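Going by full-length UniProt numbering, the residue at position 58 of the sequence shown is 58; the numbering climbs one at a time, nothing skipped.
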Amino acid sequence: MSDLVTTLTPRQVADLLHVHPRTLANWRSLSDERHQVGPAYIKQGRRVLYPVAKLRMWQRYAYEPRVGTLPGD
1 MSDLVTTLTP RQVADLLHVH PRTLANWRSL SDERHQVGPA YIKQGRRVLY
51 PVAKLRMWQR YAYEPRVGTL PGD
């Protein structure tokens with residue numbers, strides 16, 4: 001049982017990130033094999049799920065301060 005991946009639904013992730021579920025859908029539609037927009041997700045049939053571990057990794061990367069990203073930095 002330890003091999004099971006803990007997942008969240010798009011609604012749960014939207015609530016955590018304070019975004020609309022449609023925003024998550026838009027991010028998914030913008031992603032391709034080379035470029036991921038938004039947190040990583042998996043599909044089970046038509047169902048979209050977000051692995052919690054991947055979501056945490058994405059949050060750390062997405063919200064980490066970046067130096068020199070703005071003009072004049």
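Using N, Cα and C, we set each Cβ at its ideal position, and we do this for glycine too.
Predicted model, so just to flag it, every value in this text is computed and none were measured.
Quiz item: Looking at the structure shown, is residue 61 part of a helix, part of a strand, or coil, going by DSSP?
Solution: Residue 61 falls in the helix class under three-state DSSP.
Practice problem: Please report the residue range of the beta strand (DSSP E) in which residue 49 lies. | Solution: In this chain, the beta strand (DSSP E) harbouring residue 49 covers 47-51.
Practice problem: Check whether the Cβ atoms of residue 13 and residue 50 sit closer than 8 Å, and answer yes or no. | Solution: Their beta carbons are under 8 Å apart, which means residue 13 touches residue 50 by this criterion.
Quiz prompt | Between the CA atoms of residue 17 and residue 31 - distance to the nearest angstrom | solution = About 18 Å.
Exercise. Taking only the alpha-carbon atoms, compute the straight-line gap between residue 9 and residue 29 and give it to the nearest angstrom.
Key: If you draw a straight line from the Cα of residue 9 to the Cα of residue 29, it comes to about 17 Å.
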